[in-house]
Amino acid sequence: HGDLHKLFKHSERRTSESMCRIVTRAAKLNVTDREELLESYGLHNFEHFLWTFRHSDPYAAACYNLLHYFDGGKWGRHAWVLIKEYLQSGGLASKFNDYMNQFPRWRGLKHISSPTTIDYSEGQTFVDILKCALPCLVQLLPCNSCLVRLVRAMQKTRIMLGLSVTTRTRLDHLNDLEREYEGACNEVHDALGKDFNFLKQHSLSHAIEDFMSKGTSRNMNTRVGEGFQQEVEKMYQKTNGKNAEHQISVQDEREEAMARVKMAIDEWRKSQTDADLEASELATIPGASGHWKLGSPVPLVSTHPLEAERKTDPAFREFNMRLREYIAQYHPTSQVRLEQQIQVQQCKVIYVEYQSHVDWRSARDILRCNPQFHDAPRFDSVIYEDGNDSVAMGQFHFLLRCHLPGGATLDLAMVQPYGRSLWQPNTRTDRPIRSKLPLKSCHFISLEHIVRGVLLAPIFGGKDGMYYVVDCVDEGMYLRIIAVCI
74 HGDLHKLFKH
84 SERRTSESMC
94 RIVTRAAKLN
104 VTDREELLES
114 YGLHNFEHFL
124 WTFRHSDPYA
134 AACYNLLHYF
144 DGGKWGRHAW
154 VLIKEYLQSG
164 GLASKFNDYM
174 NQFPRWRGLK
184 HISSPTTIDY
194 SEGQTFVDIL
204 KCALPCLVQL
214 LPCNSCLVRL
224 VRAMQKTRIM
234 LGLSVTTRTR
244 LDHLNDLERE
254 YEGACNEVHD
264 ALGKDFNFLK
274 QHSLSHAIED
284 FMSKGTSRNM
294 NTRVGEGFQQ
304 EVEKMYQKTN
314 GKNAEHQISV
324 QDEREEAMAR
334 VKMAIDEWRK
344 SQTDADLEAS
354 ELATIPGASG
364 HWKLGSPVPL
374 VSTHPLEAER
384 KTDPAFREFN
394 MRLREYIAQY
404 HPTSQVRLEQ
414 QIQVQQCKVI
424 YVEYQSHVDW
434 RSARDILRCN
444 PQFHDAPRFD
454 SVIYEDGNDS
464 VAMGQFHFLL
474 RCHLPGGATL
484 DLAMVQPYGR
494 SLWQPNTRTD
504 RPIRSKLPLK
514 SCHFISLEHI
524 VRGVLLAPIF
534 GGKDGMYYVV
544 DCVDEGMYLR
554 IIAVCI
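Next up, the structure:
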């Protein structure tokens with residue numbers, strides 16, 4: 074078992090036939106030699122009934138289990154525990170928790186304010202910690218930290234393991250990431266003495282082969298029904314302990330009927346709206362024919378009073394004139410004379426449809442530009458089309474629909490752009506870094522140029538204005554950023 078950490082070491086594959094031969098050979102040995110031989114193959118002195126059961130192969134049935142092997146295994150029970158102990162022993166846990174509490178919100182990403190105080194949780198919590206860890210960790214740890222490189226390698230590997238659709242190109246990329254991950258593990262072993270000789274580590278060496286023969290990891294998912302044992306326990310506690318099986322069956326029938334009714338209602342509600350929307354966001358304004366829809370509108374206002382109202386905001390300096398210049402340059406057919414008024418309707422939410430880079434189907438982002446969303450400001454960021462940058466990024470500062478003289482409308486966004494930066498944190502990784510430009514750099518973009526939303530997180534403890542692009546927030550984002558979409 075001393076080579077389980079070697080992900081690319083070639084080993085003889087075990088089959089029902091080969092293991093049957095080992096048991097037959099062991100039967101001819103003395104007790105001591107027999108036990109030694111069987112133990113080396115992880116066997117006991119009996120023939121497994123599945124070896125001769127028709128159409129059955131227990132070794133072929135073993136699959137890569139993402140939940141137990143990675144989320145709650147290599148990461149949740151090993152790497153994260155090691156990092157947590159390192160932070161606690163160095164007095165850094167409180168600072169790390171503070172950074173995690175400040176981590177930007179994102180739809181579908183669990184906000185975990187004190188992760189180092191969590192001793193046990195479900196696999197998804199560990200996945201969300203992994204997604205958020207790097208910006209909070211990189212400046213707390215020493216320069217060229219092997220733990221930072223391990224976190225980054227695990228982020229990328231987890232993304233590729235979780236794809237619902239895969240290709241030969243993606244599997245080749247996963248193979249490269251496995252080598253990177255193995256190298257990071259070796260660094261951690263040499264520096265901190267962490268032993269990676271355990272079965273869940275070795276299982277990664279079989280992942281690509283499993284995907285080739287059985288499909289992606291969703292076909293081997295054990296998240297479904299994970300809480301069944303707890304449900305049965307709760308049902309049993311409601312019985313009197315006598316003939317409990319019948320009582321549990323009756324309870325289950327009733328709860329199944331109620332669940333079906335509730336599921337139908339929930340699905341209908343979901344089709345109408347989204348659960349995390351505020352009441353004001355349910356209102357959308359008609360008119361857009363593109364891949365976006367604006368919501369949560371406020372009353373119309375002219376550009377002059379709007380500029381006066383926000384005179385302390387550098388982004389709104391000469392707002393009226395800049396808006397007119399933008400319209401004249403990019404929408405010449407909609408030019409507005411100086412004596413004519415432009416009415417502006419601010420919106421606080423936008424729904425953006427885009428094509429997923431995972432399965433090429435339609436997906437949707439709900440992005441907010443709201444100074445008071447659930448008692449906190451929320452200004453999301455987007456990727457947008459720009460001739461000078463294939464992945465231009467900016468943070469919403471103002472969402473607006475312009476009502477022009479003559480009845481025409483234009484949907485625009487004022488964004489605070491992110492620029493590329495050569496600055497690097499304590500430990501360099503391949504995670505993209507952007508620098509947020511000053512507010513006076515805000516400019517208008519047409520909503521038709523928005524590609525999709527993007528999450529950027531400040532590099533806590535680093536240079537002001539430096540942000541990581543959180544490319545591991547979802548599979549589609551990672552594939553879009555690294556351009557592995559074949």
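Take 74 as the starting number for the sequence shown in our numbering and just add one per residue. Beta carbons: idealized from backbone N, C-alpha and C, even for Gly.
Considered as a whole, the region 416 to 493 harbours 416 to 428, 435 to 446, 449 to 452, 454 to 459, 462 to 476, 482 to 493 as its complete beta strand (DSSP E) runs of no fewer than 3 residues, in chain order. Residue 540 is bridged by DSSP to 507, 531.
The criterion of a C-beta distance shorter than 9 Å is satisfied by residue 423 and residue 365. For residue 178, the closest C-alpha among the options 447, 503, 130, 514 is that of 447.
Under the criterion of beta carbons closer than 8 Å, residue 545 and residue 204 qualify as touching, at roughly 5 Å. Sequence-distant Cβ neighbours of residue 188 in its own chain, meaning closer than 6 Å and more than five residues away, are 173, 202.
For residue 286, no beta strand (DSSP E) encloses it; the enclosing alpha helix (DSSP H) starts and ends at 280 to 287. Taking the C-beta atoms as reference points, residue 482 is found no nearer than 9 Å to residue 217. With a beta-carbon spacing of about 10 Å, residue 149 and residue 273 fall beyond the 8 Å limit used to define contacts. DSSP lists 417 as the beta-bridge partner residues of residue 374. A distance below 9 Å separates the beta carbons of residue 455 and residue 527. For residue 549, the three-state secondary structure derived from DSSP is helix.
Here the C-alpha atom of residue 409 lies approximately 50 Å from the C-alpha atom of residue 243. For residue 176, there is no enclosing alpha helix (DSSP H), as DSSP marks it with neither H nor E. Within the DSSP secondary-structure output, residue 367 pairs in a beta bridge with 423. Going by beta carbons, residue 472 and residue 490 fall outside the 9 Å limit. DSSP places residue 231 within a helical segment (H, G or I) once states are collapsed to three. Pairing residue 257 with residue 223 gives a Cβ-Cβ distance under 9 Å. Taking the CA atoms as reference points, residue 401 sits about 24 Å from residue 468.
With a cutoff of 9 Å on beta-carbon distance, residue 389 and residue 373 are scored as not near each other.
Going by C-alpha positions, residue 279 is about 7 Å away from residue 137. Taken atom to atom, the span from the alpha-carbon of residue 134 to that of residue 425 is near 41 Å.
Taken atom to atom, the span from the alpha-carbon of residue 475 to that of residue 465 is near 24 Å.
Here the alpha carbon of residue 367 sits roughly 9 Å from the alpha carbon of residue 419. Short of 6 Å from the beta carbon of residue 395, and not among the five residues preceding or following it, lies no beta carbon of its own chain.
Around the C-beta of residue 371, fewer than 16 other C-beta atoms lie within 10 Å, and the residue is accordingly described as exposed.
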